[in-house]
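Engineer: To convert, note that position 31 of the sequence shown is 30 in numbering that gives the first Met the number 0; the numbers rise steadily by one, no gaps.
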Amino acid sequence: MLEKRAFEPDYLERLDGLVLGARRARTVRAGRRVLGRVQGTGIEPEDFREYRIGDDLRFLDWNAYARLDDLTIRTFRVERQVEMTILIDASASMGLPRDDDKLGLGLLLGASLAYIGMNENDPVRLATFALRHGTPDLVLTPFRRRRETYPEFRDFVSATKCGGETKLGAAVHQLMRERRLPGIVVIISDFLVNAADYADALGQLLAARHEVKAIHVMGDREREGNYPAGSYRVRDCETGVTSEITFGPAAAALCRQRAERHAAQVSGFCVRHGITYMPAFGAARFDEILTNEFPRFGIMA
0 MLEKRAFEPD
10 YLERLDGLVL
20 GARRARTVRA
30 GRRVLGRVQG
40 TGIEPEDFRE
50 YRIGDDLRFL
60 DWNAYARLDD
70 LTIRTFRVER
80 QVEMTILIDA
90 SASMGLPRDD
100 DKLGLGLLLG
110 ASLAYIGMNE
120 NDPVRLATFA
130 LRHGTPDLVL
140 TPFRRRRETY
150 PEFRDFVSAT
160 KCGGETKLGA
170 AVHQLMRERR
180 LPGIVVIISD
190 FLVNAADYAD
200 ALGQLLAARH
210 EVKAIHVMGD
220 REREGNYPAG
230 SYRVRDCETG
240 VTSEITFGPA
250 AAALCRQRAE
260 RHAAQVSGFC
270 VRHGITYMPA
280 FGAARFDEIL
290 TNEFPRFGIM
300 A
């Protein structure tokens, strides 16, 4: 499976030196939203404001008081580490078609992002989600920040199996119950849910002021519909619903049209809402994805 590459020394050497570009400051003035700093004591001046009873007198601007006879407080910004959570879809649809290895691709991408994110000692964790037996199953690793602890993700990655329904909104709702400070949330999924579900999930994260990034995983056979011609009885791997389908050139063309329309809908939603979107189409093209799509995702050397 493709995810095994995530811990090979030669592959990790290829990732060495890469960093995930994150907005490193946070402010809400004039509608601006930049992530990674919080108001507080620090070394970089942020702003001035009038003194209020209870303010720390150490931050009075005595020069302003001498010139203007006004009590003014100088505020600073303090750097904080940016938490990154990487949510990987482990629903049944990520395991089919089996030859497409969508789960392996998603796990490799997620682990790669974790390794890159740990370059600056920012806390990173991996998570998988699915709805199993009617209950959201969100599995989280602890946060890890030093690259020497990266191998501790290996057992989590190798143990992840597909099963259950996607239900992205339910997974994000469960995640949001932690009520953590805004950070980076990366969702890796085939997004094979109705638009209302992924809109709800991504909207929840944006409302909590997270920086949201989406990686859309699709398989080659899934996109191209290149199944042997003939009649099939198809069972939906998540709902169990069965249907009769005859495959041939017309059905393959319809598959391609639906895949293109689905990708356009997901990317269009992300663009409209300021979410970084990255297509990851085809496990066999992983090296091409790494070279061409990672830089657009904000990953820099």
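Think of the CB as a built atom: it goes at the ideal place given N, C-alpha and C, for glycine as much as any other residue.
Does DSSP put residue 12 in a helix, a strand or coil?
Structural biologist: helix
Engineer: When the Cα atoms are used, what is the spatial distance from residue 256 to residue 263?
Structural biologist: 11 Å
Engineer: Please list the terminal residues of the continuous beta strand (DSSP E) segment that includes residue 0.
Structural biologist: Premise fails: residue 0 is in no beta strand (DSSP E) and is neither H nor E.
Engineer: Going by C-alpha to C-alpha distance, which of 10, 179, 137 and 212 sits closest to residue 160?
Structural biologist: 137
Engineer: Given this structure, state the Cα-to-Cα distance separating residue 331 from residue 299, to the nearest angstrom.
Structural biologist: In the structure as shown, the chain begins at 0 and stops at 300. Residue 331 is therefore absent and cannot be evaluated.
Engineer: Considering only residues of the segment 231-260, which uninterrupted beta strand (DSSP E) runs meet the minimum length of 3 residues and lie entirely inside it, listed in chain order?
Structural biologist: The segment 231-260 is shown to contain whole beta strand (DSSP E) runs of 3 or more residues at 241-246, in chain order.
Engineer: Need the endpoints of the beta strand (DSSP E) that residue 128 sits in, please.
Structural biologist: 123-131
Engineer: If we ignore side chains and look at the alpha-carbon of each, how far apart do residue 202 and residue 275 end up?
Structural biologist: 14 Å
Engineer: Determine the DSSP secondary structure at residue 146, reduced to helix, strand or coil.
Structural biologist: Helix, per DSSP.
Engineer: Near residue 109, what residues of its chain come up, given a Cβ to Cβ distance below 7 Å and the 5 sequence neighbours on each side ignored?
Structural biologist: 85, 87, 125 and 187
Engineer: Tell me, to the nearest whole angstrom, how far the beta carbon of residue 368 is from that of residue 156; I am working on the premise that it is less than 8 Å.
Structural biologist: Look at the range of the chain in this structure, 0 to 300, and you will see that residue 368 is not part of it.
Engineer: With respect to the alpha helix (DSSP H) encompassing residue 302, which residues constitute its N-terminal and C-terminal limits?
Structural biologist: Beyond the ends of the chain as shown, which are 0 and 300, falls residue 302; an answer cannot be given.
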